[in-house]
Amino acid sequence: MTPVTQSPPVELSTDPPVALSLALPPLSPTADGTLQHHHLTTTDDESSSPWPVIRSVFRGQNNFSDPLNRGWNPWRPGISSRQDKCGVEYVKMHGQYFPTSGSGFSTGPVGQHDGHELEQRCDTERQGGGHVNKGNHVEANVATSVLCATECCLPHREPEPKTVCVVVLRSLQRDPTFQQDEVSAFLGAFRGWIGNEVDRLFEWAATAAKALCMANWQGKSRLLKKFGATVRRLDKACGPFGWTAWILFPCQTLMQRRDHYTRYAIGRSRTLGDAESCFLVWLFHWPARRVKLHPRRASRFRPELVLENGKQRRFDTIVIGSGSGGCACANLLAQSGQRVLILEQHTKTGGCTHSFRDRGCEWDTGLHYTSAGMGRSTCRPGAIMHFMTQGLQKWTPLQDPYDEVIFPPDDFVKLGVPNESSYRFVSGADETIQSVLASIDPEHRELEKRARLYMDLCTDINSGFTALGISRVLPSWMHFLVRSRIDRLMKFAAMTVRDVQYGMLNLGLTIEELLKDGCPPAPAGSEPDPSIRRLKAVLTHPIGDYAVQPRDATMAAHGVTMAHYQDGACYCVGPTQQISVRSSSMVREFGGEVLTDATVREIILEHGRAVGVRVSNTSALAECKSDAERAQVPVTELRAKAVVCATSVYNLYNNLLPQDLAQVKEFQDPEKRTIQQSNGHIFLFCKIKGDPTELKLPAHNLWYFNSYDIDDAFEAYFTDPVGQRPPTVYIGFPCTKDTSWKQRFPGVSNCILISDGLWEWFEKWQDKPVHNRGSDYEEFKEKLSKHLLEILFEFVPEVKDKIEFSFLGTPLSEQTYLNSFCAGSYGTKCLPSMFAKSNRRWTTSPHTSIPGLYLAGSDAFLPAVCGAMYGGCFGAIAVLGHLRALKLTLAFIAHFAGCITDEDPKIGWIQAYILAWKKFMND
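Residues in the sequence shown are numbered consecutively from 1, following the UniProt record's numbering.
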């Protein structure tokens, strides 16, 4: 199209320039099977439609019939058009009017186009227009190329993105008039294209086209011109297949819709010698970005769901478990082009992030709150969640204080200082220290100084875990970049919380002195200084997030947990179940499958390598009363290139691998493996009658501690769980933290209380049927429930007469519904031995000694929801390998930068990209 030199003989609109927006419906078939082209135009009508129509530059009839009865509206705002008295139509783009002149051509039957005809059509239309004005380079070839490429995909009713992109790029590269000033028009041309995949794919296609324009293959950039020439030489040197045959192979296997049109387009591009165009397509589009997710719940396992024509569907990776780690691993693998199969033994996905309903109320099971960074897409954990769910998962911040720690009344205090029993944690390390010390000894400056050093140590530990995570992305020969920070972390990991608190709060040691001289052991017995005694107990409160008493807990886990919440906390909007639904939906978008009610009975090994799994229906196994009956349950064998275990390393080596395997025997040898399984928990779920606002329920978390001498309280409780109160109890009201609760459950409130529980207390009932374990089991549960309800009524008396019903979950519930080995809530227990060099082959790493078998989740990194999510990311990186993982990392950084610019549009893209790298490396 050429600019009009004289104004048309009609009054033209003075509307401001609008972006070119191309979106094409399938062309209307005629009686003889040929296709009729539409005209490129729109009106200013404000109606919107999922099937917008733009009339093309081809000559033909304005036939807006709807043969498929999909109800498109042929009008859409975007381009202003006018006609003069002679009937010549003008299209307004970039503030100027262009005549829609161009030579059309007839089309053959659908599906009979080959590459030469397609290329000839692009060239014919460009030559037919015949108008080149170097002062204005908005040409008809953009629309023409898109239309021609779209024709190839008509049998599918939606354009195949890569077909369109490759052909358009080839056409644009050969057009000497397509320069940088057309970039905005080209970007606009592909915005809003039909289909689920196309938005993100045209984004990279437009980016590649922009790179072509800026490169200007006609000679403006010598460096890029040489690059293009080198690519062509490589293509010729590699024989008949060309180097693009293998460099572009991922392009054809990445997306969900892979058909012969995609292969045709890639093959034609390679044959025609346009390797540089194809290389840019491959470079900029993988992994795909800005995927439009359609969340769907998983299907229950049936063999026919994994079979096609009697043969198994192709899966690249099988992920066992759909918790935070399993979903994260599968999600990133899917975004990297793999077909992933998730197998979950429960009827719901999510693991500890799943939620359940009963009698008109809802409760979460594991995600009771998380760091404020998870709710911010401009922080690393939040950016990862945003990347996995494409921004569908929403969070709401908790107001300060986010945690309140409550102790029983205690008279062991200094004269003249406060005697408080409640301590509040707020956003910011300094603010937390001020808040806590104001309730202990506000005038003790030396104690304040030592407490601030203690918080600095927690930040230092968090930085060490960041370095450990970076080492999972880098190849081993580059670990020297972060080795010093990791070595520093491992020194802290060898220290216990109690010893570090003694060294820093009692002795006043600095961080460097701890590293240089080591940490002296804390003396036995109670702390003699009342202020230090209270401060130690209050700063111990995060032990509830990893369930180890301070005498045994590694300082590494405690420090990273303290730092995790230094900026506050947040909670998800809606049920926590949606996290797994949204993150696992990405697996289906890329051709994978998510199946529940699927018990993995064994991992298949061939020649020492993991090659698949054997699966049975969980419900069928639950109905069996003996091992003989279980042996008769049908087993489905599934094969894949890699298997990822996201259900704890203890399940892996005790239940899923052949027990005669050398690695299994080594794991079960207590002299070679010194790590331990974490403890279980007891959960009391309560339904409360009344609105949470009317009842004035607290919107923050309550942590009850039975004594300031925490280790002694643990020992007494583990010895006599019926006669003693639990040492720690979490009290949470999800109804006050979830902003959607009142709309979903009006007039109802909920509450969750959690305390520690040992597997040994319940082990004798494990073989009894669920919901029918005997009267002695129910009596034991009743006594435990009584303690928890007493604590609830003591500190939240508003709910005393409002409890409609409550029920207790035990470690047996964790084993049944979460498949936790011996009811371990957090996988590996956070002891100093967890980070010992001899144990790193079992935990804190996604790699195993068995080829093709990987770990994900808490045992691949750290416990809790965020730690398991990171473990899932590292599991995906291990499966992909360092080269492909680098591409995944770059895609995430680009997404991270996009989140930053969305938050603050004033930040330029380059600045946002640099900022994203800094946050990724140091957040």
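Note that CB positions come from ideal geometry on N, CA and C, so glycine has one too.
Around the Cβ of C624, a 10 Å sphere holds fewer than 16 other Cβ atoms; the residue is exposed. Within the same chain, and ignoring the five residues on either side of Y502 in sequence, the residues whose Cβ sits closer than 6 Å to its Cβ are A522. With 16 or more other CB atoms across the displayed protein chains lying within 10 angstroms of its CB, K348 is buried. Here DSSP, grouped into helix, strand and coil, assigns P397 to strand. With a contact defined as Cβ atoms closer than 8 Å, R380 and F920 qualify at about 6 Å.
With fewer than 16 neighbouring CB atoms inside 10 Å of its own CB, I910 falls in the exposed class.
A direct Cα-Cα distance of roughly 7 Å separates P734 from H368.
Around the C-beta of G508, fewer than 16 other C-beta atoms lie within 10 Å, and the residue is accordingly described as exposed.
According to DSSP, residue pairing for D403 in a beta bridge involves F425, N701. Around the beta carbon of W917, fewer than 16 other beta carbons lie within 10 angstroms, which makes this residue exposed. In the three-state DSSP reduction, Y708 falls in the coil class, being neither helix nor strand.
Within the DSSP secondary-structure output, W741 pairs in no beta bridge.
By the 16-neighbour rule on beta-carbons within 10 angstroms, V405 is buried. By the neighbour-count criterion, in which 16 or more other beta carbons inside 10 Å mark a residue as buried, L415 falls on the exposed side. Judged by DSSP in its simplified three-state form, E814 adopts helix.
When DSSP reads this structure, R357 sits in a beta bridge with E362.
For S755, the uninterrupted beta strand (DSSP E) run begins and ends at 748-757, by DSSP. Beta-bridge pairing by DSSP links L695 to no other residue. C-alpha of P692 to C-alpha of F685: approximately 16 Å in a straight line. The residues V340, M586, V587, F590, G592, in chain order, have a CB closer than 6 Å to that of A334 in the same chain once the five nearest residues on each side in sequence are set aside. In the structure shown, S322 adopts coil according to DSSP, grouped into three states. In the displayed model, E763 falls within a helix according to three-state DSSP. Taking the CA atoms as reference points, F896 sits about 16 Å from Q393. In the three-state scheme derived from DSSP, where H, G and I count as helix and E and B as strand, N617 is classed as strand. Under DSSP, R300 shares a beta bridge with T596. Spanning the alpha carbons of Q659 and K665 requires a straight line of approximately 7 Å. As a beta-bridge residue in DSSP terms, R639 pairs with G612.
Rounded to the nearest whole angstrom, the C-alpha separation of I688 and S749 is 5 Å. The Cβ-Cβ distance between I850 and C645 does not fall below 8 Å. Note that the region 551-562 touches the region 448-464; at least 3 beta-carbon pairs, one per stretch, sit closer than 8 Å.
DSSP places A569 in no alpha helix (DSSP H) but in the uninterrupted beta strand (DSSP E) bounded by 569-572.
Per DSSP, the unbroken alpha helix (DSSP H) holding C458 starts and ends at 445-473.
In the DSSP assignment, F667 falls within the alpha helix (DSSP H) that extends over 662-667. Distance between S845 and A878, taken at the CA atoms: about 9 Å. Spatial neighbours of Q566 in its own chain (CB-CB distance under 6 Å, excluding positions within 5 residues in sequence) are listed in chain order as A429.
Comparing C-alpha distances from A891 to each of Q390, V611, V538, F718 shows the shortest one belongs to Q390.
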